[in-house]
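Inspection log for the structure reproduced underneath, given as structure tokens.
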Amino acid sequence: MHRSSILFFFVALFCQWTTNAFSLPDYINASQYERSIRLSERVTFYYGNISADGFLMGATAKTEGWLGIGLSEEGEMENSDVWIFEKNDGGNFTVRNYYIEQMSLSGVKLKEEENIREFSTGWDASNGTRHLQVYRRNLTSENDLPITSGCLYIIWALHHRSSILKKHNEKGILLVDLLGNNTCHKGHEMIPQTHVHSKTVMSIHGVIMFLCWGIILPLGTLLAKHMKRYVWWFEVHRITQTIAVLAALISVISLYAKIGPHFNLHTMMGLLIMLMGLSQPIIGQIADRLYVPTRSRPPFWPDKIHWIVGYTSIFFAFINIYLGLSLFGVDHKVIVLYLTFAMFTGISIAVMWWKKTVSEERQGEQATGLTNLAET
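Here's what the structure looks like:
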């Protein structure tokens, strides 16, 4: 038999949903489970031994980071009952049970440990797969979701490498009847498989934000500073900045709709930056309407406010792009490449600003000298 045929056979066996014994690492007793569900390319969920006391659940996950699996009546993180398999400082995994009251830094409640009767972990070094198992008791605290006949959502998330819970590469939901079939009907909608929010969505968001805040907006700002000798500078500046801010806004809204709310430094700083960016077209339009050709220097409001907000938002955006790359868990080479680009961009803007300022001061001194000479 060809190697490709053998490989196909085992892949098909692993991906199948079955009520019989299925392929698991040698250190796992397959008879403990009754069903398996493939949640993603990296995660398979197992459960069984369901009784009035509780049930056994486990997962195989190709990850060196954390893994979270939980139950929800509505398919949302709010009001969900979640088990987090975390890696501690020693490199070993521990299990904690959380009740997520709301999606905020203060909205995660750690439940009493007594509802976790036993857990175990294992590592298959041949394919980088970790098996995590926990026996979950029913109704040992006020927020435990009861396991009864009917449908519940399985919610899950993981990070490929990081042990920081605020970071995740993938997440998804699956509607399942733990006591019956692997699929459920909700109204007229059948949900037979997991809805995975893969890293593709976040990758697109990162690329769009980098193009907008890392390239287009800085170039538009430099154009307004150094190209005023051309009559078209203002229209080009207004169009490019407006398009970039709107594209960034659409990217943020799309990510929020796909992934859901997150509350971390990257998100909070991003919201602040977007508010500053959205205010800029308004302040710029006011500055254009109040422009007086005969003025000796730009007024503090609205012109200098427009400059300050613009440069400050771009400065914070470069920091936030770094936070986003770190949160997403990209390769260190990508981060080094970005930091090199950011430093080069920052130095270039500073040098161009300094040269422009020196040039304007010299022109001002020459004009003052000519005026004094004419008066004498």
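Going by mature numbering (1 follows the signal peptide of the UniProt record, and there is no 0), the letters in the sequence shown line up with residues -21 to -1, 1 to 355, in that order. Think of the CB as a built atom: it goes at the ideal place given N, C-alpha and C, for glycine as much as any other residue. Note that the structure is a prediction, hence the values are computed from the model and not measured.
Beta-bridge partners of E149, as assigned by DSSP: In the DSSP secondary-structure assignment, E149 is bridged to L137.
Report all residues from its chain with a CB closer than 7 Å to the CB of S142; omit the five preceding and five following residues, and keep chain order. Excluding positions up to five away in sequence, the list reads G44, W45, E65, K66.
Per DSSP, cross-strand counterpart(s) of H110: Bridge partners of H110: T39, G101.
Would you please state the rounded distance, in angstroms, between the beta carbons of R116 and D60? I believe it to be under 8 Å. In this structure R116 does not touch D60 by the C-beta definition: roughly 12 Å separates them, more than the 8 Å allowed.
So, with DSSP's three-state summary, where would you put T73? T73: strand per DSSP, three-state reduction.
DSSP has Y25 in a bridge; who is on the other side? In DSSP, Y25 forms a bridge with S15, G37.
In angstroms with no decimal places, state the Cα-to-Cα distance between H184 and S19. Their backbone Cα atoms lie some 21 Å apart in a straight line.
Between the Cα of I16 and those of T42, G151, L124, V74, spot the shortest distance and give me the residue it belongs to. That would be G151, whose Cα lies nearest to the Cα of I16.
With distances taken between CB atoms, is the gap from F297 to W192 smaller than 9 Å? Going by C-beta atoms, F297 is nearer than 9 Å to W192.
Minimum C-alpha distance to N28 - residue among Y114, T336, D156: The residue with the shortest Cα to Cα distance from N28 is Y114.
Is it buried or exposed for T246, if we count other Cβ within 10 angstroms and need 16 for buried? Result: buried.
Classification of V155 by the beta-carbon crowding that lies within 10 angstroms, buried from 16 upward: Under the 10 Å beta carbon count, V155 is surrounded by 16 or more other beta carbons and is classified as buried.
Please look up how many angstroms separate the CB atoms of I284 and I262, rounded, as I've assumed it's under 8 Å. Yes, they are in contact, since the Cβ atoms of I284 and I262 sit about 6 Å apart, within 8 Å.
Have a look at N106 and T39 and give me their C-alpha separation to the nearest angstrom. Each residue's alpha carbon lies about 11 Å from the other.
Our contact map puts L157 next to I126 with C-beta atoms below 8 Å; I'd like the distance itself, whole angstroms only. Indeed they touch by this definition, with Cβ atoms about 6 Å apart.
Under a Cβ-count criterion, where at least 16 other Cβ atoms within 10 Å of its own Cβ denotes burial, should G129 be classed as buried or exposed? Exposed is the call here.
What are the boundary residues of the alpha helix (DSSP H) that G129 is part of? Here G129 belongs to no alpha helix (DSSP H), and DSSP marks it neither H nor E.
Considering only residues of the stretch 195 to 277, which uninterrupted alpha helix (DSSP H) runs meet the minimum length of 4 residues and lie entirely inside it, listed in chain order? As far as the stretch 195 to 277 is concerned, its whole alpha helix (DSSP H) runs of at least 4 residues are 196 to 205, 212 to 238, 244 to 268.
Can you give me the start and stop residues for the alpha helix (DSSP H) that S51 sits inside? Looking at the DSSP string, S51 is not in any alpha helix (DSSP H); the run it does join, the beta strand (DSSP E), is 46 to 51.
Around the C-beta of D310, are 16 or more other C-beta atoms found within 10 angstroms, so that it is buried, or is it exposed? Exposed: under 16 other Cβ atoms inside 10 Å.
According to DSSP, simplified to helix, strand and coil, what is L154? In the three-state reduction of the DSSP assignment, L154 falls in the strand class, which pools E and B.
Using DSSP bridges, identify the partner residues of V61. Answer is G49, Y77, bridged to V61.
Would you tell me roughly how many angstroms separate the C-alpha atoms of W211 and E339, rounded to the nearest one? Cα to Cα, W211 sits roughly 21 Å from E339.
Just how far apart, CA to CA, sit G69 and G101? G69 and G101 have their C-alpha atoms spaced approximately 15 Å apart.
So, with DSSP's three-state summary, where would you put L144? Looking at L144 - three-state DSSP - the assignment turns out to be coil, as it is neither helix nor strand.
Can you name the start and end residues of the alpha helix (DSSP H) that G289 belongs to? For G289, the enclosing alpha helix (DSSP H) begins and ends at 284 to 307.
Give the C-beta separation of P278 and I265 to the nearest angstrom, bearing in mind that I take them to be a contact with Cβ-Cβ under 8 Å. Actually they are not in contact, since the Cβ atoms of P278 and I265 sit about 11 Å apart, beyond 8 Å.
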